[in-house]
Amino acid sequence: MISVSGLRVRLGGALVVDGVDLDVADGEWVTIIGPNGAGKSTVLRAVGGLVAYEGTVLLGGTALDRLPRRERARTLATVAQSPVVPPAMLVYDYVLLGRTPYIPALGRESDSDLAAVDEVLGALDLHPFAGRRLETLSGGERQRVFLARALAQGAGILLLDEPTSALDIGHQQEVLELVDRLRAERGLTVLATMHDLSTAGEYADRMVLLAAGRVVARGTARDVLTEELLAEHYRVRVKVFDGGHGPVVVPVRR
Ligand code: ADP
Ligand code: MG
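116 is the number of the first residue of the sequence shown in my numbering; add one for each residue after it.
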């Protein structure tokens, strides 16, 4: 569904992404991990068509730069790491923005657009917030609204840049379970970045470890979340335990 090869991105003269190859199959969940500044967000931005790149990005076999804007928006939805919030916008209207690719120019939203918004507001427990201004929400509540907007877009590919960083563990689990459920129900393909390594491993089919713009490891959580790889690339001392489901990563004092 997503096929990236030889991806290079230059920002401010620096080669921030340096030859990344990455494939995500239809319905698969792949999570990119890596230390701060590794280039995770930049890879996601390139796949989302938000930054200029060299190399190839194919979405469902079609080159990203050959997809017209509206079609791209129906194919792929992005939740950025810290989205810019329009001032004084109501939660409902913000989520409705997700339907823009379906609303004709100068046209109005249809009943099916409103139904789609209603459905995601319900799924994310956001009905009580629908009439609130976005800036009056807590970080976690807002994070759910960002996700709601992306889900309302009805795209088959979801790009999530640290979707749970602002959430308490309860909402973290709720959001990730919801994405996973939608993945099963709607056949969504997910490419995400995440900081919490144990949680990342729980939800990803496969992981990619990025360091200094290059892929340094890839595979299942067990392949990637090893004490050796994490020590080398995060400069951290960790213990990795078998948590039953998958590896549990715990930092330990030096
Ligand atoms: P990550 O998401 O892995 O933390 P990013 O993809 O956000 O990393 O950034 C990768 C690197 O690119 C960082 O070193 C960052 O400082 C740099 N960078 C990001 N945007 C710009 C920019 N506009 N100009 C110059 N450097 C940038
Ligand atoms: Mg980032």
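We put the beta carbon where it would ideally sit given N, CA and C, even for glycine.
In whole angstroms, what is the alpha-carbon distance linking residue i and residue j?
i                 : j             : result
arginine 184      : leucine 211   : 18 angstroms
threonine 279     : threonine 177 : 30 angstroms
isoleucine 218    : threonine 190 : 15 angstroms
valine 119        : tyrosine 318  : 21 angstroms
glutamate 292     : valine 131    : 32 angstroms
aspartate 276     : glycine 149   : 12 angstroms
aspartate 72      : arginine 350  : Any property of residue 72 remains undetermined from this structure, which presents the chain solely from 116 to 369.
aspartate 233     : alanine 265   : 13 angstroms
proline 362       : alanine 299   : 23 angstroms
proline 202       : leucine 252   : 13 angstroms
proline 198       : arginine 301  : 25 angstroms
glycine 175       : histidine 286 : 31 angstroms
arginine 181      : valine 260    : 30 angstroms
valine 370        : threonine 171 : The structure shown does not extend to residue 370, since the chain is modelled only from 116 through 369, so no value can be given for it.
alanine 129       : alanine 327   : 11 angstroms
isoleucine 272    : leucine 179   : 13 angstroms
aspartate 208     : glutamate 289 : 23 angstroms
aspartate 226     : alanine 238   : 18 angstroms
alanine 188       : valine 162    : 12 angstroms
phenylalanine 249 : arginine 125  : The sequence given here has leucine at residue 249, not phenylalanine. Taking the straight line from one Cα to the other gives about 33 angstroms.
Near residue i, what residues of its chain come up, given a Cβ to Cβ distance below 6 angstroms and the 5 sequence neighbours on each side ignored?
i              : result
glutamate 169  : Arg123
isoleucine 147 : Lys155, Thr308, Val323 and Leu325
valine 339     : Met322, Leu324 and Ala332
glutamine 268  : Ala192 and Gly213
arginine 329   : Asp133
Keeping to the same chain, check which residues put their C-beta closer than 8 angstroms to that of residue i; ignore five residues upstream and five downstream.
i             : result
alanine 346   : Arg352 and Val353
aspartate 295 : Trp144 and Tyr318
Which residues does DSSP pair with residue i in a beta bridge?
i              : result
glycine 120    : Checking the sequence shown, residue 120 turns out to be serine, not glycine. For serine 120, which the question treats as bridged, DSSP gives the partners Thr171.
threonine 304  : Ile272
valine 162     : Partner(s): none; valine 162 has no beta bridge.
arginine 125   : Leu130
threonine 193  : Leu274
isoleucine 284 : BP columns for isoleucine 284 are empty, so no partner.
threonine 146  : Ala307 and Met322
valine 135     : Leu122
Three-state secondary structure (DSSP) at residue i?
i             : result
valine 373    : Here the chain has residues from 116 to 369 only, and residue 373 is not among them.
alanine 140   : coil
aspartate 311 : coil
alanine 178   : strand
aspartate 357 : strand
Grab me the residues of residue i's own chain with a C-beta within less than 7 angstroms of its C-beta, minus the 5 sequence neighbours each way, in chain order.
i             : result
alanine 315   : Thr146, Ile148, Met309 and Met322
glutamate 224 : Leu211, Arg214 and Ile218
leucine 236   : Val210, His242, Ala245 and Ala263
valine 139    : Met116, Ile117, Val145, Thr304 and Leu306
Handout entry: Entirely enclosed beta strand (DSSP E) segments - the region 197-281, minimum 3 residues
Key = 272-276
Practice task
Run through the region 319-351 for me and flag every whole alpha helix (DSSP H) of 4 or more residues, listed as ranges in chain order.
Solution key: 336-339 and 342-349
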